[in-house]
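Residue numbers (my numbering): 28 to 212. Note that beta-carbon positions come from the ideal geometry of N, C-alpha and C, so glycine has one too. Bear in mind that the values here come from a model prediction, so they are computed numbers and not experimental data.
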Amino acid sequence: MPASVALHYAVLPLRLDNDELIVGSEDGIDPVSLAALTRKVGRKVRYVIVLRGQIVTGLRHWYARRRGHDPRAMLYNAVQHQWLTEQQAGEIWRQYVPHQFLFAEILTTLGHINRSAINVLLLRHERSSLPLGKFLVTEGVISQETLDRVLTIQRELQVSMQSLLLKAGLNTEQVAQLESENEGE
Numbered sequence: 028m029p030a031s032v033a034l035h036y037a038v039l040p041l042r043l044d045n046d047e048l049i050v051g052s053e054d055g056i057d058p059v060s061l062a063a064l065t066r067k068v069g070r071k072v073r074y075v076i077v078l079r080g081q082i083v084t085g086l087r088h089w090y091a092r093r094r095g096h097d098p099r100a101m102l103y104n105a106v107q108h109q110w111l112t113e114q115q116a117g118e119i120w121r122q123y124v125p126h127q128f129l130f131a132e133i134l135t136t137l138g139h140i141n142r143s144a145i146n147v148l149l150l151r152h153e154r155s156s157l158p159l160g161k162f163l164v165t166e167g168v169i170s171q172e173t174l175d176r177v178l179t180i181q182r183e184l185q186v187s188m189q190s191l192l193l194k195a196g197l198n199t200e201q202v203a204q205l206e207s208e209n210e211g212e
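What follows is the structure, encoded as structure tokens:
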């Protein structure tokens with residue numbers, strides 16, 4: 028599935044079932060969007076609702092502009108260094124995933140843009156190299172103040188892998204080493 032399609036509809040392809048693409052979504056997909064998604068991927072599409080954070084985490088890993096950053100790799104490396112057990116790493120991952128949020132999700136939840144308007148704006152954003160927030164400011168959809176406020180809320184709501192690793196007992200030097208190993212991969 029092309030990145031622009033996955034990011035626009037906030038879905039991840041899960042499997043093919045008799046030439047029907049099954050995608051995961053954290054929310055329901057309205058019939059119009061589902062029909063458009065079907066046209067874009069060239070086959071019938073069905074969706075399943077998955078747990079909060081699964082799609083956001085997957086989109087960031089496989090499709091987002093910051094593809095190199097992999098929080099799961101940090102956990103894997105911490106286990107390899109024997110700083111965490113596999114069980115601890117699994118528990119940290121289960122804490123991390125549900126606390127990840129899409130920028131557009133926060134923007135719509137706060138009522139700055141409705142769901143149908145964000146879908147139209149996401150289509151226009153596909154042709155831009157700007158991050159979504161800067162694009163919306165440039166287009167006059169939201170103010171810089173609104174962008175700053177939404178980004179602050181996103182940072183407050185989201186749990187960082189670094190903070191979870193520190194909470195699990197790793198020291199700042201170990202976390203810094205894991206970050207540098209993660210960037211090098």
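Q: Confirm, please, whether the CB-CB distance from glycine 80 to proline 125 is below 7 Å.
A: Taking 7 Å as the Cβ cut-off, proline 125 and glycine 80 qualify as a contacting pair.
Q) In whole angstroms, what is the alpha-carbon distance linking arginine 70 and glycine 51? A) For arginine 70 and glycine 51, the distance between alpha carbons rounds to 16 Å.
Q: Measure the C-alpha to C-alpha separation of aspartate 54 and glutamate 132 and round it to an integer number of angstroms.
A: So the two alpha carbons sit approximately 10 Å from each other.
Q.
Tell me the residue span of the alpha helix (DSSP H) that contains isoleucine 140.
A. Bounds of any alpha helix (DSSP H) do not take in isoleucine 140, whose DSSP letter is neither H nor E.
Q) Buried or exposed: asparagine 104, going by 16 or more other Cβ atoms within 10 Å of its Cβ? A) Around the beta carbon of asparagine 104, 16 or more other beta carbons sit within 10 angstroms, so the residue counts as buried.
**Q.** With 16 other Cβ atoms within 10 Å as the buried cut-off, status of glutamine 109
**A.** Exposed is the call here.
Q: On the DSSP bridge assignment, give the partners of glutamate 47 in chain order.
A: Partner(s): Asp44.
Q: Sort out for me which residues DSSP pairs arginine 73 with in a bridge.
A: DSSP output for arginine 73 lists Ile49 as bridge partner(s).
Q.
Please report the straight-line C-alpha distance between glutamate 210 and tyrosine 36, rounded to a whole angstrom.
A. Using only the alpha carbons, I get a separation of about 28 Å.
Q) Does DSSP classify leucine 39 as helix, strand or coil? A) Strand at leucine 39.
Q: Look at the alpha carbon of proline 40 and the alpha carbon of proline 29, and state the distance between them as a whole number of angstroms.
A: One C-alpha to the other measures close to 10 Å.
Q.
So threonine 112 and histidine 139 are supposed to be a Cβ contact under 8 Å. How far apart are they, rounded?
A. 43 Å between Cβ atoms; not a contact.
**Q.** Residue closest to valine 32, alpha-carbon to alpha-carbon, out of Val177, Gly117, Lys67, Lys194
**A.** Here the closest residue by C-alpha is Lys67.
Q.
If the criterion is Cβ atoms closer than 7 Å, does the pair arginine 142 and threonine 136 meet it?
A. For arginine 142 and threonine 136, no; Cβs fall outside 7 Å.
**Q.** Neighbour-count burial assignment, serine 60, 16 or more Cβ in a 10 Å radius
**A.** By the neighbour-count rule (16 or more Cβ atoms within 10 Å), serine 60 is buried.
Q: Please state whether DSSP places proline 58 in a helix, a strand or coil.
A: The DSSP-derived three-state label of proline 58 is helix.
Q | Check whether phenylalanine 130 and leucine 150 have beta carbons under 7 Å apart | A | The answer is no: Cβ separation not under 7 Å.
(Q) What does the alpha-carbon distance come out to for the pair serine 187 and tyrosine 123? (A) Distance between serine 187 and tyrosine 123, taken at the CA atoms: about 7 Å.
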